[in-house]
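Working notes for the structure below.
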Amino acid sequence: MTQTAEQITDASRLPSAEGLRRRALRHPGHWIGGAVIVALLALLVRSFATGNIQWAVVGEFLTAPTIIRGFVWTLLITAAALVLGIVLGFVFGMMRLSANPVMRGTAALYVWIFRGTPVLLQLLIWFNIALVFPTLYIPGLIDAKMVAVVTPFVAAVIGLGVNEGSYLTEVVRGGIQSVDRGQVEAAHTLGMTPVQTMRRIILPQTIRMILPVLGNSAAGMLKFSSLAATISMTEMLNAAQRIYFINGAVIELLFVCAIWYLAGTTVLSVIQYYLERHFGRSTVVGARPSRGLRSFFKTREA
Amino acid sequence: MTTAVRTVGIRKSYGTHEVLKGIDIDVAHGEVLCILGPSGSGKSTLLRCINHLEVPDGGYAWVDGQIIGYALRGDVLQELPVHQLRQQQSQLGMVFQHFNLFSHKTVLENVIEGPVVVRRQSRDTAIAKARALLEMVGMSAREQAYPAQLSGGQKQRVAIARALAMEPRVMLFDEPTSALDPELVGEVLEVMRRLASSGTTMIVVTHEIGFAREVADRVVVMIDGEVRECGPAQSVLSDPADPRVRAFLSRFLTETPTITTSNSE
Numbered sequence: 001m002t003q004t005a006e007q008i009t010d011a012s013r014l015p016s017a018e019g020l021r022r023r024a025l026r027h028p029g030h031w032i033g034g035a036v037i038v039a040l041l042a043l044l045v046r047s048f049a050t051g052n053i054q055w056a057v058v059g060e061f062l063t064a065p066t067i068i069r070g071f072v073w074t075l076l077i078t079a080a081a082l083v084l085g086i087v088l089g090f091v092f093g094m095m096r097l098s099a100n101p102v103m104r105g106t107a108a109l110y111v112w113i114f115r116g117t118p119v120l121l122q123l124l125i126w127f128n129i130a131l132v133f134p135t136l137y138i139p140g141l142i143d144a145k146m147v148a149v150v151t152p153f154v155a156a157v158i159g160l161g162v163n164e165g166s167y168l169t170e171v172v173r174g175g176i177q178s179v180d181r182g183q184v185e186a187a188h189t190l191g192m193t194p195v196q197t198m199r200r201i202i203l204p205q206t207i208r209m210i211l212p213v214l215g216n217s218a219a220g221m222l223k224f225s226s227l228a229a230t231i232s233m234t235e236m237l238n239a240a241q242r243i244y245f246i247n248g249a250v251i252e253l254l255f256v257c258a259i260w261y262l263a264g265t266t267v268l269s270v271i272q273y274y275l276e277r278h279f280g281r282s283t284v285v286g287a288r289p290s291r292g293l294r295s296f297f298k299t300r301e302a
Numbered sequence: 303m304t305t306a307v308r309t310v311g312i313r314k315s316y317g318t319h320e321v322l323k324g325i326d327i328d329v330a331h332g333e334v335l336c337i338l339g340p341s342g343s344g345k346s347t348l349l350r351c352i353n354h355l356e357v358p359d360g361g362y363a364w365v366d367g368q369i370i371g372y373a374l375r376g377d378v379l380q381e382l383p384v385h386q387l388r389q390q391q392s393q394l395g396m397v398f399q400h401f402n403l404f405s406h407k408t409v410l411e412n413v414i415e416g417p418v419v420v421r422r423q424s425r426d427t428a429i430a431k432a433r434a435l436l437e438m439v440g441m442s443a444r445e446q447a448y449p450a451q452l453s454g455g456q457k458q459r460v461a462i463a464r465a466l467a468m469e470p471r472v473m474l475f476d477e478p479t480s481a482l483d484p485e486l487v488g489e490v491l492e493v494m495r496r497l498a499s500s501g502t503t504m505i506v507v508t509h510e511i512g513f514a515r516e517v518a519d520r521v522v523v524m525i526d527g528e529v530r531e532c533g534p535a536q537s538v539l540s541d542p543a544d545p546r547v548r549a550f551l552s553r554f555l556t557e558t559p560t561i562t563t564s565n566s567e
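Top to bottom, those sequences are chains A and B. Counted from 1, the first sequence has number 237 at position 237 by our numbering; the numbering is strictly sequential. So the number in our numbering is just where the residue sits in the second sequence, counting from 1, plus 302.
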C-alpha cells in the first residue's frame with residue numbers, strides 16, 4: 001500500500017493485463033464517521049431507556065381499548081378525508097385546465113381560499129358552521145339541524161378533505177400538463193372524444209406521475225387527523241389526552257400515539273410501493289424493481 | 303383516377319410568420335404522394351392541417367366527400383362539434399415522427415384502443431385484427447411489450463399498425479423515420495413500401511429522397527410555405543425546373559456516404 005507508484009516511460013516495459021490484481025480505494029472516513037454516529041445513537045437510546053419514562057405504562061396503554069378505538073377513528077378520518085381530497089383534487093385539477101374561463105376561475109378561487117388559510121382554522125370554522133347556517137335544507141333531500149349533521153367526525157373529514165383537495169388540485173394540474181402533448185394528439189387522430197382521451201390516456205399517466213405525492217398526502221393526512229382533537233373528536237390523540245389528564249402519564253401516552261402513527265405511516269409506505277410498482281409496470285425501470293426492495297419485501301418475480 | 307384528398311388554399315400563420323401561403327394539392331385514390339422540402343418549409347404543418355391537428359387560418363382540406371372540421375353552409379364554413387371532427391379524424395391514419403404510442407398500454411392494447419373505444423368493436427374482433435396487423439408489420443412477438451421496451455423502429459411499426467387498425471381512407475406520415483437511428487430506418491420504410499404496393503392512399507412528409515424516388519407516384523417540393531414543384535417523382539427529382547428546388551435537391555443528392563476527413567485539427 002505504501003509502495004510508491006512506478007512510472008513507466010518505455011511502452012515495451014508495460015506489464016501484460018494477466019496477473020495484475022486490482023485493489024479498491026479504501027474509505028477510512030466512512031468507518032470513522034459511522035462509528036461516531038453509532039456511538040451517538042447508543043447514547044440517545046441509553047438516555048431514553050434510563051430517562052424519566054415508565055416504559056411499562058407505554059406497553060400497558062399501547063393496546064388499551066380507548067387508544068385502539070381512537071386509532072380506528074384516526075384511520076376512518078384519514079381514509080374518508082383522503083378520498084374526498086383526491087376526488088376534489090381531480091375535479092378541480094381538470095377544471096383548472098378547462099377552456100371555460102368560469103371553470104378555471106372557480107378552481108383558482110378554491111385553491112386560493114383553502115390553500116391560503118390554516119387547516120386548523122378551517123376545521124374550527126366547519127365545526128362551528130351551525131352559527132352561520134342553523135339548518136341544512138336541500139329541497140327533497142335534507143331538512144335538519146346543522147349541529148346534528150356536522151358532527152366532529154363530519155367536520156374533520158370535510159375540513160381535512162377540502163384542504164387537501166386544494167393542494168391536490170395543483171398536483172393534478174401539474175400531472176396532467178406533464179403528459180406528453182403527442183399522447184393527446186395520437187388519441188385525437190384515433191377519433192377519441194375529450195372525455196375518452198382524459199379517462200383512457202391522460203389520467204392513467206397522470207396517476208402514475210403523482211403517486212409519490214399522493215403517498216405523501218396519505219401519510220400527512222394520517223398525522224393531520226390529530227388536529228381533529230381540537231374539535232372534540234375522540235380520535236387517538238384526543239383519547240390519549242383524556243387518559244393522561246387523569247393518570248398524569250403524559251409522555252408515556254404521547255409515545256403510545258407516536259408508535260401507532262409510525263405503524264400507520266409504515267403500512268402506508270408499503271402500500272405506496274406496491275401501487276407505484278403496479279402503475280409503473282409500463283416503464284422499463286418499473287417493470288424490474290430493484291434487487292434491494294425486492295428482497296426487502298420478499299416478493300416473487302412477476 | 304378519382305380524387306381522394308384535396309387541399310384548397312390552406313393558409314396558416316404563427317404570429318406574423320406565415321408558414322403556409324395557400325396550398326393546393328391533390329391526391330388520387332391509391333396514390334402515394336411524398337412531400338419534400340427543407341426544415342421550416344411548412345410540410346409538417348400542412349399534414350397537420352389536413353387532419354385538423356392544426357386549425358388552418360384559411361382554406362380547408364377535403365377528404366372523400368367531407369370537408370375536415372367544417373360543414374359548408376352557403377359561403378360559411380361552420381366549425382363542427384368536436385365529436386363529429388373526431389369521427390372524421392378517425393378516418394385519417396396518422397403516423398407521427400415521435401411515434402406517440404400510448405406509453406401506459408402494451409403493443410396490443412395500443413392497436414385495439416381505437417377499434418374498441420371509438421369504433422365500439424368487440425374486444426375479440428379487435429384483437430384478431432390487431433394480431434393480423436402486427437404480423438404484417440413484423441411485431442407479433444412483442445404484442446405484450448410496453449413501448450418503453452421497444453426500439454424506435456419497432457415503435458414506429460406498431461404506430462403504423464395502430465393507425466391501420468382504424469381502416470383509414472388515407473394514411474398520413476409525418477417524417478416517420480426522422481427520429482430513428484440510421485440502421486432502423488430500413489425496417490420502417492419496408493413496411494411503408496408494402497403498404498404502398500397494396501394500394502393504400504398515402505401522403506408522406508419525409509427526408510428520404512430514395513424512398514420518394516422509388517415509391518412515390520408524385521412528389522411535391524415545398525419551400526417557405528409554398529409548393530415550388532409538383533409532379534411525377536422521376537421528373538421532379540432528376541430534373542427540377544425551379545432553381546431553389548434544384549439547390550435543395552442537389553444538397554441532398556450529394557449527401558452520399560463518402561467519409562469526410564475534415565477533423566484533422
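Cβ atoms here follow ideal geometry from the backbone N, Cα and C, with glycine treated the same way.
- Sequence-ordered contacts of the region 504–516 of chain B with chain A are nonexistent [C-beta pairs closer than 8 Å].
- Looking at the DSSP output, Gln368(B) bridges to Val365(B).
- Beta bridge pairing from DSSP links Ser315(B) with Glu320(B).
- Contact between Ile129(A) and Val150(A) holds: CB atoms are separated by about 6 Å, below the 8 Å threshold.
- Nearest CB-CB separation between Phe475(B) and chain A: not below the 8 Å threshold.
- Residues of the same chain with a CB within less than 7 Å of the CB of Asp366(B), apart from the 5 flanking positions on each side, are Ala306, Arg471 in chain order.
- Runs of the alpha helix (DSSP H) spanning 4 or more residues and lying entirely within the region 101–148 of chain A occur at 101–115, 119–127, in chain order.
- Sequence-ordered contacts of the region 171–188 of chain A with chain B read Gly182, Gln183, Glu185, Ala186, His188 [C-beta pairs closer than 7 Å].
- Listed along chain A, the residues sitting closer than 7 Å to Gly416(B) by beta-carbon distance are Leu190, Gly191.
- Take Gly533(B), set aside five residues on each side of it, and the residues of its chain with a beta-carbon closer than 8 Å to its own are Arg520, Val521, in chain order.
- Contact between Thr169(A) and Arg104(A) does not hold, since their C-beta atoms are separated by about 11 Å, which reaches or exceeds 8 Å.
- Taking 8 Å as the upper bound for CB-CB distance, Leu474(B) and Ile352(B) are in contact here, some 6 Å apart.
- Inter-residue distance for Thr9(A) and Gln3(A) is about 18 Å (C-alpha atoms, whole angstroms).
- By the beta-carbon neighbour count (other beta carbons within 10 angstroms, threshold 16), Gln536(B) is exposed.
- Taking a cut-off of 8 Å on C-beta distances, the region 368–385 of chain B does not touch the region 330–342 of chain B, as fewer than three cross pairs fall below it.
- Following the DSSP letters along the chain, one finds Arg173(A) inside the alpha helix (DSSP H) bounded by residues 152–177.
- Annotation for Phe475(B): the continuous beta strand (DSSP E) segment containing it runs 472–476.
- Between the alpha carbons of Val547(B) and Tyr372(B) lies a distance of about 34 Å.
- Apart from sequence neighbours up to five positions away, the residues of its chain that approach Phe90(A) with a beta-carbon distance below 7 Å are Val172, ordered along the chain.
- Taking each of Glu235(A), Ile271(A), Val154(A) in turn and checking the Cα distance to Pro212(A), the smallest one comes out for Ile271(A).
- The Cβ-Cβ distance between Gln451(B) and Leu482(B) does not fall below 8 Å.
- Pairing Ser424(B) with Thr66(A), the inter-Cα distance amounts to about 55 Å.
- Listed by position along chain A, the residues whose Cβ is nearer than 7 Å to that of Arg388(B) are His188, Gly191, Met192, Thr193.
- The Cβ of Thr206(A) sits no closer than 8 Å to any Cβ of chain B.
- Between Val397(B) and Ala447(B), the gap from beta carbon to beta carbon reaches 8 Å or more.
- With a 10 Å radius around the Cβ and a threshold of 16 neighbouring Cβ atoms, Tyr167(A) comes out buried.
- Cβ-Cβ distances below 6 Å link Ser392(B) to Val420, Met468 in the same chain, with the five nearest sequence neighbours on each side left out; the list follows chain order.
- Taking a C-beta distance under 8 Å as the contact criterion, Phe153(A) and Met236(A) do not qualify as a contact pair.
- Comparing C-alpha distances from Val357(B) to each of Ser343(B), Gly376(B), Tyr316(B) shows the shortest one belongs to Tyr316(B).
- The beta carbon of Arg515(B) is closer than 7 Å to those of Ala535, Leu539 in its chain, skipping five residues each way along the sequence.
- Contact between Pro204(A) and His406(B) holds, since their C-beta atoms are separated by about 5 Å, short of 8 Å.
- Short of 7 Å from the beta carbon of Arg208(A), and not among the five residues preceding or following it, lie these beta carbons of its own chain, in chain order: Phe279, Gly280.
- In terms of beta-carbon proximity, Ser98(A) stays away from the interface with chain B, with every pair separated by 8 Å or more.
- Membership of Leu335(B) in any alpha helix (DSSP H) is not indicated; the residue belongs instead to the beta strand (DSSP E) covering 334–338.
- Assigned with DSSP and collapsed to three states, Asp483(B) falls in coil, not helix or strand.
- With contact defined as three or more Cβ pairs closer than 8 Å, the region 63–79 of chain A and the region 218–234 of chain A are in contact.
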